[in-house]
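Peer 1:
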Amino acid sequence: MDLHLKGLAKLGAKIEMDGGNIIATCDRLKGATIFLGGPNGPTVLGTANVMSAATLAEGRTVIESAACEPEIVDLANMLNRMGAKIRGAGSPRIIIDGVEALGGCEHRVMPDRIVAGTYAIAAAMTNGDVTIDDFPYDSLLAAVNHLEEVGVHVTKVNPNDEDARCSVRISSNRVLRPTIITTQPHPGFPTDLQAQFMALLSIADGNSIITEKIYTERFLHVAELSRMGAQVYRQGSTAVISGVRHLHGAPVMASDLRASACLVLAALAAEGETTISRVYHLDRGYSGMERVLASLGADIERCKETKAEPAEDAVPAMLPSIRGAGLTSRAAQEPLAKAEGN
């Protein structure tokens with residue numbers, strides 16, 4: 066949050082801390098030059114917040130070391146349709162000339178690339194054959210490259226002039242190969258797919274290496290994967306994954322959003338039943354994941370008080386749709402039943 070608050074304060078907001086609350090007040094914001102780089106690289110949400118605030122600030126705002134993620138470009142495109150004057154989104158330097166007011170517009174939000182990547186990894190882990198519509202291919206080139214490196218087939222089956230809306234077929238029917246991954250700001254490998262890829266590499270044939278450059282302590286999922294039989298050895302910001310033939314079901318606990326997804330994927334490929342507690346983390350980033358996976362043949366259910374309401378009201382444009390012949394268990398080579406594995 067420090068970079069968010071620093072950016073808003075540079076624009077003239079008065080920031081006060083009141084216990085666990087942050088209170089920001091201002092008259093009209095004033096343009097400024099703001100550096101948003103941090104020890105872990107540029108801040109994506111900080112860039113989005115400062116860029117949005119600067120659209121109505123008086124004068125020109127320049128954001129240096131801005132995040133380059135496609136979500137920033139998508140937001141800038143929408144704000145420009147509303148009357149903002151933003152240049153340079155998608156580069157480390159964004160220039161915003163403030164306007165007096167914004168108007169309404171129609172805008173189709175880009176698909177969630179981390180959701181798309183997660184389901185692609187799910188298909189790869191289970192020898193699946195799945196087609197994902199509205200797949201943001203160009204925004205996931207680093208992840209796609211690593212999927213292909215480990216032996217997964219990634220094929221555009223319905224290219225679209227707007228590449229974020231193409232359909233991609235993910236299929237895998239072979240032993241997975243190891244790879245080396247380093248997380249980086251976009252267009253590098255996304256940190257938000259690191260945990261899911263670790264689940265995939267835990268059943269690859271050989272030793273893989275993952276180095277986390279964005280959030281160097283983002284390894285809470287390692288202990289839980291180990292409970293399922295994964296062999297992961299961590300030293301600082303690097304983890305070495307020695308692939309095993311099979312994972313096995315176990316009671317595990319989710320610690321955060323991406324760790325939750327990682328454990329669900331591991332459970333799909335594991336032998337036996339897996340129970341994942343604290344899955345409320347999952348709902349922060351995935352709409353009805355258990356229903357999506359069940360539609361592909363997984364036997365997965367939400368239990369007791371963790372059960373979420375149906376997500377039919379979720380914004381369709383943000384959610385890639387998935388279809389396919391179903392997921393199959395790498396352990397048994399037959400249709401999955403439950404996040405139980407086979």
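My numbering applies: residue 66 is where the sequence shown begins, and numbers increase by one.
Idealized CB from N, CA, C, for every residue including glycine.
#1: I believe residue 151 touches residue 145 by the beta-carbon criterion, under 8 Å. Please report the beta-carbon distance rounded to the nearest angstrom.
#2: Between which two residues does the alpha helix (DSSP H) harbouring residue 262 extend?
#3: Buried or exposed, going by whether 16 or more other CB atoms sit within 10 Å of the CB of residue 308?
#4: Between residue 250 and residue 132, is the Cβ-Cβ spacing less than 8 Å?
#5: Applying the criterion that 16 or more other CB atoms from any shown protein chain within 10 Å of the CB defines a buried residue, is residue 86 buried or exposed?
#6: To the nearest angstrom, how far is it from the Cα of residue 259 to the Cα of residue 306?
#7: Between which residues of its own chain and residue 410 is the CB-CB distance below 6 Å, once the five residues before and five after are set aside?
#8: Could you pull out every residue in the same chain whose Cβ sits closer than 8 Å to the Cβ of residue 241, ignoring the five residues on either side in sequence?
#9: Would you check if the distance between the CB atom of residue 77 and the CB atom of residue 91 is smaller than 8 Å?
#10: Would you call residue 66 buried or exposed, if buried means 16 or more other Cβ atoms sit within 10 Å of its Cβ?
#11: Does the pairing of the segment 160-171 with the segment 293-307 give three or more beta-carbon distances under 8 Å?
#12: Within 10 angstroms of the Cβ of residue 193, are there 16 or more other Cβ atoms? Answer buried if so, exposed if not.
#13: Can you list, in chain order, the residues of its chain whose CB lies under 6 Å from that of residue 80, leaving out five sequence neighbours each side?
#14: Using the Cβ count rule (16 or more neighbours within 10 Å means buried), how would you classify residue 139?
#15: Taking the DSSP output, what are the residues bridged to residue 251?
#16: Within the continuous alpha helix (DSSP H) that includes residue 184, where are the two ends?
#17: Can you tell which of 100, 322 and 310 has the C-alpha that lies nearest to the C-alpha of residue 341?
#18: Return the Cβ separation of residue 94 and residue 123 in integer angstroms, given the expectation that the two are a contact with Cβ distance under 8 Å.
#19: Below 8 Å between beta carbons: does that hold for residue 333 and residue 187?
#20: In this structure, how does DSSP classify residue 169 when only helix, strand and coil are distinguished?
#21: Could you spell out where the alpha helix (DSSP H) holding residue 117 opens and where it closes?
Peer 2: Result, derived from the coordinates:
#1: As a first step, residue 151 must be located in the sequence shown, where it is residue number 86. As a first step, residue 145 must be located in the sequence shown, where it is residue number 80. So it is a contact: roughly 6 Å between Cβ atoms.
#2: Looking up residue 262 in the sequence shown gives position 197. Here the alpha helix (DSSP H) through residue 262 covers 259-266.
#3: Along the sequence shown, one-based indexing puts residue 308 at 243. So residue 308 counts as buried.
#4: Stepping through the sequence shown from its first residue, residue 250 is reached at position 185. Stepping through the sequence shown from its first residue, residue 132 is reached at position 67. Against a cut-off of 8 Å, the Cβ pair of residue 132 and residue 250 comes out as a contact.
#5: As a position in the sequence shown, residue 86 is number 21, starting the count at 1. By the neighbour-count rule (16 or more Cβ atoms within 10 Å), residue 86 is not buried but exposed.
#6: Numbered from its first residue, the sequence shown carries residue 259 at position 194. Numbered from its first residue, the sequence shown carries residue 306 at position 241. Between residue 259 and residue 306, the C-alpha separation is close to 12 Å.
#7: Examination of residue 410 is not possible in this model, given that the chain is present from 66 through 407 alone.
#8: Numbered from 1 along the sequence shown, position 176 holds the residue referred to as residue 241. Only 189, 215, 216, 217, 265, 266, 268, 269, 270 and 308 meet the Cβ criterion.
#9: Residue numbering aside, residue 77 sits at position 12 when the sequence shown is read from its first letter. Residue numbering aside, residue 91 sits at position 26 when the sequence shown is read from its first letter. In contact: residue 77 and residue 91 (Cβ atoms closer than 8 Å).
#10: Along the sequence shown, read from residue 1 onward, the residue named residue 66 stands at position 1. Here residue 66 is exposed: its Cβ has fewer than 16 other Cβ atoms, across all protein chains shown, within 10 Å.
#11: Judged by pairs of C-beta atoms under 8 Å, the segment 160-171 does not touch the segment 293-307, as fewer than three such pairs exist.
#12: Numbered from 1 along the sequence shown, position 128 holds the residue referred to as residue 193. It is buried - the Cβ of residue 193 has at least 16 other Cβ atoms within 10 Å.
#13: Residue numbering aside, residue 80 sits at position 15 when the sequence shown is read from its first letter. Excluding sequence positions up to five before and after residue 80, its CB lies within less than 6 Å of the CB of 70, 74 and 89, all in the same chain and listed in chain order.
#14: Mapped onto the sequence shown, residue 139 falls at position 74. Flag for residue 139 reads buried.
#15: Here residue 251 refers to the residue found at position 186 of the sequence shown. Beta-bridge partners of residue 251 (DSSP): none assigned.
#16: Your numbering for residue 184 matches position 119 in the sequence shown. That run of the alpha helix (DSSP H) goes 178-190.
#17: On the sequence shown, residue 341 is found 276 positions in, with the first residue counted as 1. Considering only 100, 322 and 310, the residue with the shortest C-alpha distance to residue 341 is 322.
#18: One-based indexing of the sequence shown puts residue 94 at position 29. One-based indexing of the sequence shown puts residue 123 at position 58. Contact flag correct, Cβ pair sits at about 7 Å.
#19: The sequence position of residue 333 within the sequence shown is 268, counting from 1. The sequence position of residue 187 within the sequence shown is 122, counting from 1. Residue 187 is positioned such that its CB atom lies closer than 8 Å to that of residue 333.
#20: Counting from 1 along the sequence shown, the entry for residue 169 is found at position 104. Assigned with DSSP and collapsed to three states, residue 169 falls in coil, not helix or strand.
#21: Along the sequence shown, one-based indexing puts residue 117 at 52. Where residue 117 is concerned, the enclosing alpha helix (DSSP H) stretches over 109-119.
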